[in-house]
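J.: Just so you know, we're using our numbering here: the sequence shown kicks off at 248 and counts up by one. For every residue, glycine included, the Cβ atom is placed at its ideal position computed from N, Cα and C. These figures come from a predicted structure and were not determined experimentally.
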Amino acid sequence: MLGQVVTATTAAEQFALRRRSPVQRVQHVLHSYPAISPFLVLVISFAVFSMINPRFAQPNSLSLVLQQVAVIGALAVGQTLVILTAGIDLSVGAITILAMMLSAKLAEGNGLPGILAVLVGIALGVAAGVLNGTLVTRIGLPPFIVTLGTLSVFTAIGLLYSRGQSVQAVDMPALLNWTGETFAVGRFRITAGVVLVAVLYVVVGFALANTSWGRHVYAVGDDKEAARLAGIRVDRVLVSVYVIAGAIYGLTAWILIGRAGAASPNAITDANLESITAVVIGGTSLFGGRGAVLGTLLGALIVGFFRSGLSLAGVDDQYRVLAVGLLVLLAVAVDQWIRRVRG
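Below, the structure written as structure tokens:
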């Protein structure tokens, strides 16, 4: 009897699959594998920009793109976690800058060892994540409102603490600048910060795909009430997401110091929008429950490719911004179309 039921179910699925049009089949594939769309965009953009200017495909140019997208790529990992729960984090840049300035100032003015300065920055990111997560879960405020408010709070604290002054690389321990050191990998030159970002993607990607915590994150983003009825502790999952995202922002502060060669309170002013851009272009749904950090990585690279490729093509900077904006609109439109998928 059981075998007959399984056979009947399989036959019904095959029949339904045969009745789908080619467009519906594409829709189902993109729904199951969100990273396909950004991967195709990345390949096409690489081919087009390479034909426009062969310098684009040279190892030096590609190495520079990797170094340029490292900071936003790291921030986008934390942003991805938040968006997967159907939230959004507008405080990513402010938390990162505050963590960076705290680490740099403590190391410069108080002689704090480099490793402790890095850990202090990460701890501050965790504390900021706890604050955001608590306001979302305990007070019940929307993530947009919470992080919009903490954006202003963290930005003001960072400016007041640093007094608007930068800390130069020569005034900080060598470890804080280590993430900016370059080394050769074949014909490419990458920084230690790029390696840290790659490790970050592997760890978070594994956690989302292979742990119960990762499954709970997707479940909460897809339907909070259904997740609660299934026995998932929704508030605990949400707080954990904001805490882990905060730790990632604190780690990114270290990467940013190495990339910029200094700690400045005016760094990465567009980090919030750029991190969201990478996530959206990478195929993660703004409505939660669907996406992966692999797509986010591809989204960050796409933005880097467009900026570098259009620059080498001699396109004005305003048109580069326009191109990225159109990519975001296209990505959201595709997401809306994919979400209408039916059995």
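Please name the residue or residues paired with Phe430 in a DSSP beta bridge.
T.: DSSP, once it has assigned bridges, lists Ile437 as partnering Phe430.
J.: For Val562, which of helix, strand or coil comes out of DSSP?
T.: Three-state result, Val562: coil.
J.: Quick check for students: name the residue ranges of the alpha helix (DSSP H) that lie wholly in the stretch 477–540, counting only runs of 4 or more.
T.: Fully enclosed alpha helix (DSSP H) runs of 4 or longer: 481–507 and 518–528.
J.: Roughly how many angstroms separate the alpha carbons of Ala451 and Val540, rounded to a whole number?
T.: In the sequence as presented, Ala is not what sits at residue 451; that position holds Val. In a straight line, the C-alpha of Val451 is about 7 Å away from that of Val540.
J.: Please identify the residue among Ala525, Val579, Leu476 and Ala578 whose C-alpha is closest to the C-alpha of Arg554.
T.: Comparing Cα-Cα distances from Arg554 to each of Ala525, Val579, Leu476 and Ala578, the minimum goes to Ala525.
J.: Could you check whether Pro420 and Ala507 sit closer than 8 Å to each other, using their CB atoms as the reference points?
T.: Against a cut-off of 8 Å, the Cβ pair of Pro420 and Ala507 comes out as no contact.
J.: Going by DSSP in three states, Gln412 sits in which element: helix, strand or coil?
T.: If DSSP states are grouped into helix, strand and coil, Gln412 belongs with coil.
J.: Should Leu569 go down as buried or exposed, given a rule of 16 or more other Cβ atoms within 10 Å for buried?
T.: Result: exposed.
J.: Can you tell me the Cα-Cα spacing of Ser268 and Arg480, whole angstroms?
T.: One C-alpha to the other measures close to 40 Å.
J.: For Ser399, count the other beta carbons within 10 Å of its own beta carbon; 16 or more makes it buried, fewer makes it exposed. Which is it?
T.: Counting Cβ neighbours within 10 Å, Ser399 comes out exposed, since fewer than 16 surround it.
J.: If contact is defined by three or more beta carbon pairs under 8 Å, each pair taking one atom from either stretch, is the stretch 408–425 in contact with the stretch 336–349?
T.: They touch, by the three-pair rule.
J.: How many Å lie between Ile299 and Ala477 at the Cα?
T.: When rounded, the distance between both Cα atoms is 53 Å.
J.: Could you check the C-alpha separation between Gly250 and Val446 for me, to the nearest Å?
T.: Residue placement at Gly250 is poorly supported in this model, since its pLDDT is 49, which falls under 50; the coordinates still yield a value, given next. Approximately 45 Å, taken between the alpha carbons.
J.: Locate the alpha helix (DSSP H) running through Gly356, then write down its first and last residues.
T.: It spans Val339 to Gly356 - the alpha helix (DSSP H) in which Gly356 sits, taken as one unbroken run.
J.: What first and last residue would you give for the alpha helix (DSSP H) that runs through Tyr465?
T.: Its alpha helix (DSSP H) spans residues Ser459 to Asp469.
J.: Taking all protein chains shown into account, decide if Phe534 is buried (16 or more other Cβ within 10 angstroms of its Cβ) or exposed.
T.: Result: exposed.
J.: Asn307 lies in the alpha helix (DSSP H); which residues open and close that run?
T.: Counting along the chain, the alpha helix (DSSP H) containing Asn307 begins and ends at Pro306 to Leu331.
J.: Can you tell me where the alpha helix (DSSP H) holding Ser268 begins and where it ends?
T.: Unbroken run through Ser268: none, as it is neither H nor E.
J.: Here's the rule: buried if 16 or more other CB atoms are within 10 angstroms of the residue's CB, otherwise exposed. What is Pro390?
T.: It counts as buried.
J.: Near Ile515, what residues of its chain come up, given a Cβ to Cβ distance below 6 Å and the 5 sequence neighbours on each side ignored?
T.: Within the same chain, Ile515 has close Cβ partners Gly340.
J.: For Gly546, which residues in the same chain have their Cβ closer than 6 Å to its Cβ, ignoring the five residues on either side in sequence?
T.: Excluding positions up to five away in sequence, the list reads Pro285, Ala525, Ile528 and Gly529.
J.: Count the other CB atoms, across all protein chains shown, that sit within 10 Å of the CB of Thr458; report buried if there are 16 or more and exposed otherwise.
T.: Exposed.
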